[in-house]
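Enquirer: Before I ask anything, let me first share the structure, which is written out below as structure tokens.
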Amino acid sequence: MSGPLDGIRIIDWTIWQQGPVATQMLADLGAEVIKIEERERGDPGRGLTAAAGSATVKGGRNFYFEANNKHKKSIALDLKRPEGREIVHRLAARSDVFVQNFRQGVAQRLGLGYADLAPLNPRIIYASASGYGPEGPDSGEPSFDYLGQARSGIMNAVGSGTTTPTYIYGGIADQMGAIMLAYGVLAALFARERTGIGQEVDASHLGSMMALQGLNVVARTILGSEFPRITRANAYNPLWNHYRCADDKWISLAMLQPDRYWKDFCEVIGRPELIEDPRFTANARGWNAAALIVILDEVFAARPRDEWMRILKSRGDFIYTVVNSVSDLPDDPQVRANEYLVEYDHPALGNLTLLGMPVKLSKTPGEPRGHAPEFGEHTELLMTELLGYSWDDVARLREANVI
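The opening position of the sequence shown corresponds to residue 1360 in our numbering, with each subsequent residue numbered one higher.
Right under this line is the structure:
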């Protein structure tokens, strides 16, 4: 079945992760994505050989670039040359969306800003992935994922107690910025269906990461303070906490209304005497949470996690689950059942497991399986078949080092 964005053409002038992931998400939904790369070196993400201290290359391919650029077509251009910019102008005139993630002012200096492209195609959606948003004193400053996490406050929200700021590996500010940019592009495409005109879209690290923490941010603006960093040993609600089991695996409880479950829970874990313990009645439990957590630590440490999962499942209507590591996800039966990971026979690397679709559409599901293009792989094809250049033109532009 087709994807919901079949027939939509996107020009992707992005590098690294935030922008490329946004366009890849749209490609998974069926859009045709044409990736513009710098003529000599391409997207610098192609050359990333290590991340977080680990090698990123497998079978001569860079997993980082592969992960962020499935489905795309690659055209390699020298955008400092007027002939290269003319190729982009021709692409923009025939496309629905133009996406870029360079520092503020770069696109404008090259004649590739919204003001340059909109006269060529008034219906075009011009989407920018930025660090700190299009306005304000720092709008022109560069940003990477690390800075997006730092500026947004999340480094001081995760962790516990009085720990130092904590960076979350995996590029979550880039990923969240990509999600919000794709969200903005979809909204702009929908608006264009109603109005017939395009517009600019911006999604930043800062704004996207604030949206991710929306409840905490609004707690600060309305109540005057953000949520504190609390250790699990001092969680105010012991039934909203995680516990280590006998096999060194963790189980997570999420009973936001603990009084509703308290009696049955105490019976199931084999500690009925806790039901009427004056320290743990509804009005006192929060004040004595630390003491109760010590007891529950001992209880859960007495049995392996699988046994606790069976006990909680068979004897009550509790809210709980396993605490996974990222390494556990490929074997999680829920992940497999919902195809959040899918198998793909890569033309160069053989069988791979890739991220599936996080959103399910019953009639137009999209397709998450695909591979990233070779550098400049589609340059000649796009120029001749889409843009109307002759083969003599292609040869001339190649000899002149424009393509």
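Where a beta carbon is used, it is the ideal one built from N, C-alpha and C, also for glycine.
Here the structure is a predicted model, which means the values were calculated and not measured.
I think V1447 touches T1382, with their Cβ atoms under 8 Å apart; what is that distance to the nearest whole Å?
Expert: Incorrect: roughly 15 Å between the Cβ atoms, too far for contact.
Enquirer: Would you list the residues sitting across from E1702 in a DSSP beta bridge?
Expert: Bridge partners of E1702: T1712.
Enquirer: Which of the three DSSP states is assigned to V1416 in this structure?
Expert: V1416 falls in the strand class under three-state DSSP.
Enquirer: Under the DSSP definition of a beta bridge, which residues are partnered with F1457?
Expert: Bridge partners of F1457: I1370 and Y1485.
Enquirer: If I1434 sits next to G1735, beta carbons under 8 Å apart, how far is it from one beta carbon to the other, in whole angstroms?
Expert: Yes, I1434 and G1735 are in contact; Cβ-Cβ is about 7 Å, under 8 Å.
Enquirer: Here's a check: name, in chain order, each residue in its chain whose Cβ is nearer than 7 Å to the Cβ of G1536, leaving out the five neighbours to either side.
Expert: Closer than 7 Å at the Cβ level, and outside the excluded window around G1536, lie Q1377, A1488, G1507, A1562, S1563, H1564 and S1567.
Enquirer: So, with DSSP's three-state summary, where would you put V1681?
Expert: V1681: strand per DSSP, three-state reduction.
Enquirer: Per DSSP, which one or two residues make a beta bridge with E1559?
Expert: DSSP output for E1559 lists Y1485 as bridge partner(s).
Enquirer: With burial defined as no fewer than 16 other Cβ atoms inside 10 Å of the residue's Cβ, what is the status of E1396: buried or exposed?
Expert: E1396 is buried by the Cβ-count criterion.
Enquirer: Check the DSSP bridge columns for S1433 and list the partner residues they point to.
Expert: Answer by DSSP bridge pairing, in chain order: K1394.
Enquirer: List the endpoints of the continuous beta strand (DSSP E) containing Y1602.
Expert: Here the beta strand (DSSP E) through Y1602 covers W1599 to R1603.
Enquirer: Going by Cα to Cα distance, which pick from N1460, R1468, W1599 and V1456 is closest to N1480?
Expert: Of N1460, R1468, W1599 and V1456, the residue nearest in Cα terms is V1456.
Enquirer: So the candidates are R1603, E1585, D1497 and A1466; which of them puts its Cα closest to the Cα of R1591?
Expert: Closest by alpha carbon: R1603.
Enquirer: Who are the near neighbours of R1449 in its chain, counting only those whose CB is closer than 7 Å to its CB and skipping five residues on each side?
Expert: The residues are L1746.
Enquirer: DSSP beta-bridge partners for N1642?
Expert: Note: N1642 sits in no beta bridge, so no partner.
Enquirer: Give the DSSP-derived three-state secondary structure of A1409 in the structure shown.
Expert: Strand, per DSSP.
Enquirer: Under 7 Å Cβ to Cβ from L1807, same chain only, skipping five residues before and after it: list those, please.
Expert: Shown here, the chain extends from 1360 to 1762; a query on residue 1807 therefore has no answer.
Enquirer: In chain order, which beta strand (DSSP E) runs of at least 3 residues are fully inside the stretch 1501-1535?
Expert: Whole beta strand (DSSP E) segments, 3+ residues: zero.
Enquirer: With DSSP collapsed to three states, give me the class of N1647.
Expert: DSSP places N1647 in coil when its eight states are reduced to three.
Enquirer: Determine whether the beta carbon atoms of K1608 and R1664 lie at a separation below 8 Å.
Expert: Yes, they are a contact pair.
Enquirer: Name the residue from K1722, L1471, R1405 and P1379 whose alpha carbon lies nearest to the alpha carbon of G1419.
Expert: It is R1405 whose Cα lies nearest to the Cα of G1419.
Enquirer: Just mark N1460 as buried or exposed, buried being the case when its beta carbon has 16 or more other beta carbons within 10 Å.
Expert: With 16 or more Cβ atoms within 10 Å of its Cβ, N1460 is classed as buried.
Enquirer: Runs of 4 residues minimum, wholly inside the stretch 1583-1635: which ones carry the alpha helix (DSSP H) assignment?
Expert: Entirely contained in the stretch 1583-1635, the alpha helix (DSSP H) runs reaching 4 residues are, in chain order, 1617-1627.
Enquirer: If you reduce the DSSP assignment to three classes, tell me which class N1428 lands in.
Expert: It is coil, neither helix nor strand.
Enquirer: For T1738, collect the residues of the same chain with a Cβ closer than 7 Å to its Cβ; drop the 5 residues on either side in sequence, then sort them by chain order.
Expert: These residues qualify, in order along the chain: I1434, A1435 and I1762.
Enquirer: Give me the residue from P1597, K1672 and F1659 with the minimum Cα distance to R1638.
Expert: Of P1597, K1672 and F1659, the residue nearest in Cα terms is P1597.
Enquirer: Specify whether the stretch 1384-1392 and the stretch 1425-1433 touch according to this definition: at least 3 beta carbon pairs, one from each stretch, less than 8 Å apart.
Expert: The stretch 1384-1392, when compared against the stretch 1425-1433, does touch it at the 8 Å Cβ threshold.
Enquirer: CB-CB under 7 Å to P1501, same chain, minus the five flanking residues each way: which ones, in chain order?
Expert: R1462 and G1490, listed in sequence order.
Enquirer: Rounded to the nearest angstrom, what separates P1689 and Y1703 at their Cα positions?
Expert: Roughly 14 Å between the two C-alpha positions.
Enquirer: Flag this pair as touching only if the stretch 1467-1479 and the stretch 1520-1534 have three or more C-beta atom pairs under 8 Å; answer yes or no.
Expert: No, because fewer than three Cβ pairs between the stretch 1467-1479 and the stretch 1520-1534 fall closer than 8 Å, the two stretches do not touch.
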